[in-house]
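Worksheet: one structure, shown below.
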Amino acid sequence: MKRFIYVLTTVLIVAAAATGYWYATLDEQKAGEARWLSRSFEDVVSIHVQGEHGSFMLSADGKEWEAQVPGASWNVVARVVPEKVVGFLAELEALTPQRAIGGFDQGGFEQYGLDQPQLKIIIAFSGKQEDSLAVKLTSDGSGAVYGWNSESKGLVYEFDRKVLTRLGLPAKHFLDTRVFSFDEAKVAKVQLVQPFGSSWLVEKRKEGFFFTLPGYLKDKPASDSALKLYIHSLALLKADRLLLEPMVADKHIPALTIRLWGEKETEPSVVEFFPVKDDPSIYFGKSSWLTVPFYLNAQSVAQLVRSAFDVQGRTVVKLDIGTVARFEVNHGGTGYVIERSKTGWRLKGAKKDIPGIDMSLWRFTELQFEALPLNSLPESAVKLLHCVLLDGKGAVLKELTFYADPRLPQGQCWMKNGGGMYYPVSSRLVKDLQGMFPVSTPGTATAAPRQ
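Just so you know, we're using the numbering used here here: the sequence shown kicks off at 5 and counts up by one.
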């Protein structure tokens, strides 16, 4: 009898323990099945973040976002990249708990350190009846991260240790550091001003960009390719560091000012750069796009400086190569006549095509003067090559003469375009033509072009 009572008691104890464990496991499983956040983030109007990197507020202003950042005053407001806010909310919403623990409706979650969390996020919504959402996250020091949100007050969630790194971001992560904000395709005018250097203003017309200033270049064409590249570099320009303390630039004249006008815009986007007296490696910048001043390294500022000559249209030869039917070359007294055939280009009287002539003609149109042209040729110049381009009727399209000059920088030569001025251009094309049409040895017959 005693043995029976002992066995029965043991069975009841085991059953009670199993039942308790089952209920406890069921409670945790149910908690674990609970969704972390069920609210949509479509109508968020502000996000207040308090963490190891300080406290800051992100606020929606229509489709744009701005940040109130810590500094000497909460009045410091900076632009925010909207995509980074969207990414932050998506990261928060997509958090997947490893488990959830219930039973905290009456409090007690402070045992997980959530009464003094490492990261606190408060999100406000646009609807008047919408309560704000509070999220708290903290680490227990051994790798586990515990979280709580005001939607599920009775639950504490456990997360992967990387959660705090992904969400505990500083204010600067969200800030827009672009110096300009504009549509590259809609830029109508560009101006660069230097108090002690080259200044210029160009405007876009149907035919491309043309100079308005300086006066000696008024209505002269600018280089579309150079300006498009310059405009693109301005679109990509970012500040090295935003200055979040209220600051006022020195009252002296800026070392560099750049202005951009969009189509139908009367007010330009402006950026000004001022030298920093105690540190020549940086410049103090002010931008009409950014609401706070910034620093940019001196090397980047130097790369923004362009002279009128740098953006000037410097093409020397304008030619439709499709109209060229005859190409005459005289190199050191040796003459060549090359004519267009049905299959390509041939030396007059020959039966085989000469490759590379179309490429050479195209390269004539790519020649640009590397410095200001001269009205007369220097005495040190020596004639190298003479070229004549003619159409199908024998009319001269272009007549070009190239000269070597030891006084020019290496890799340059003089070129005369018809009866015009002498332009310093790259000598690479001339060297290639000299290789294609060498000086003949005595007794070698060639088809001589006109002189």
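We treat Cβ as the ideally placed atom computed from N, Cα and C, and that holds for glycine.
For residue i, which of helix, strand or coil comes out of DSSP?
{"i": "residue 416", "result": "strand"}
{"i": "residue 219", "result": "helix"}
{"i": "residue 65", "result": "strand"}
{"i": "residue 28", "result": "Residue placement at residue 28 cannot be trusted, given a pLDDT of 43 that sits under 50; what the coordinates show is reported in the next sentence. In this structure, residue 28 counts as helix in the three-state DSSP scheme."}
{"i": "residue 335", "result": "strand"}
{"i": "residue 423", "result": "coil"}
{"i": "residue 322", "result": "coil"}
{"i": "residue 193", "result": "strand"}
{"i": "residue 122", "result": "coil"}
{"i": "residue 345", "result": "coil"}
{"i": "residue 86", "result": "helix"}
{"i": "residue 275", "result": "strand"}
{"i": "residue 198", "result": "coil"}
{"i": "residue 364", "result": "helix"}
{"i": "residue 441", "result": "coil"}
{"i": "residue 387", "result": "strand"}
In terms of alpha-carbon separation, which member of the options lies closest to residue i?
{"i": "residue 387", "options": "57, 409, 99", "result": "409"}
{"i": "residue 125", "options": "59, 295, 258", "result": "59"}
{"i": "residue 332", "options": "292, 375, 395, 280", "result": "395"}
{"i": "residue 323", "options": "427, 154, 371", "result": "371"}
{"i": "residue 298", "options": "311, 279, 404", "result": "279"}
{"i": "residue 127", "options": "86, 50, 389", "result": "50"}
{"i": "residue 380", "options": "407, 65, 244, 433", "result": "407"}
{"i": "residue 86", "options": "46, 217, 416", "result": "46"}
{"i": "residue 210", "options": "204, 216, 192, 217", "result": "192"}
{"i": "residue 443", "options": "338, 369, 412", "result": "338"}
{"i": "residue 245", "options": "414, 178, 131", "result": "178"}
{"i": "residue 473", "options": "340, 400, 385", "result": "Residue 473 falls outside the range modelled here, since the chain spans only 5 to 455, and no answer is possible."}
Please check the pair residue i and residue j, which I expect to be a contact at CB under 8 angstroms, by giving their CB distance rounded to whole angstroms.
{"i": "residue 129", "j": "residue 53", "result": "Not really, about 16 angstroms apart at Cβ, beyond 8 angstroms."}
{"i": "residue 160", "j": "residue 108", "result": "6 angstroms"}
{"i": "residue 194", "j": "residue 264", "result": "6 angstroms"}
{"i": "residue 261", "j": "residue 305", "result": "Incorrect: roughly 12 angstroms between the Cβ atoms, too far for contact."}
{"i": "residue 137", "j": "residue 97", "result": "About 11 angstroms; that fails the 8 angstroms criterion."}
{"i": "residue 55", "j": "residue 172", "result": "5 angstroms"}
{"i": "residue 389", "j": "residue 327", "result": "That pair is no contact at about 22 angstroms."}
Taking only the alpha-carbon atoms, compute the straight-line gap between residue i and residue j and give it to the nearest angstrom.
{"i": "residue 239", "j": "residue 422", "result": "41 angstroms"}
{"i": "residue 226", "j": "residue 317", "result": "4 angstroms"}
{"i": "residue 247", "j": "residue 296", "result": "6 angstroms"}
{"i": "residue 3", "j": "residue 273", "result": "Nothing about residue 3 can be read from this structure; the chain reaches only from 5 to 455."}
{"i": "residue 28", "j": "residue 106", "result": "Unreliable positioning characterises residue 28 in this predicted model, as indicated by a pLDDT of 43, which lies under 50. The coordinate reading is nonetheless provided below. Computed Cα separation, rounded: 10 angstroms."}
{"i": "residue 292", "j": "residue 180", "result": "13 angstroms"}
{"i": "residue 190", "j": "residue 314", "result": "22 angstroms"}
{"i": "residue 184", "j": "residue 268", "result": "18 angstroms"}
{"i": "residue 201", "j": "residue 243", "result": "24 angstroms"}
{"i": "residue 162", "j": "residue 121", "result": "14 angstroms"}
{"i": "residue 342", "j": "residue 277", "result": "56 angstroms"}
{"i": "residue 347", "j": "residue 356", "result": "9 angstroms"}
{"i": "residue 82", "j": "residue 65", "result": "12 angstroms"}
{"i": "residue 139", "j": "residue 154", "result": "7 angstroms"}
{"i": "residue 288", "j": "residue 256", "result": "12 angstroms"}
{"i": "residue 284", "j": "residue 148", "result": "48 angstroms"}
{"i": "residue 156", "j": "residue 67", "result": "30 angstroms"}
{"i": "residue 334", "j": "residue 435", "result": "13 angstroms"}
{"i": "residue 439", "j": "residue 385", "result": "21 angstroms"}
{"i": "residue 175", "j": "residue 89", "result": "11 angstroms"}
{"i": "residue 84", "j": "residue 43", "result": "24 angstroms"}
{"i": "residue 282", "j": "residue 186", "result": "33 angstroms"}
Given 8 angstroms as the limit, is there contact between the region 160-180 and the region 218-235, that is, 3 or more CB pairs closer than that? no
Touch check for the region 138-152 and the region 61-77: three-plus C-beta pairs under 8 angstroms? no
Would you be able to state if there are at least three C-beta pairs under 8 angstroms between the region 422-436 and the region 357-375? yes
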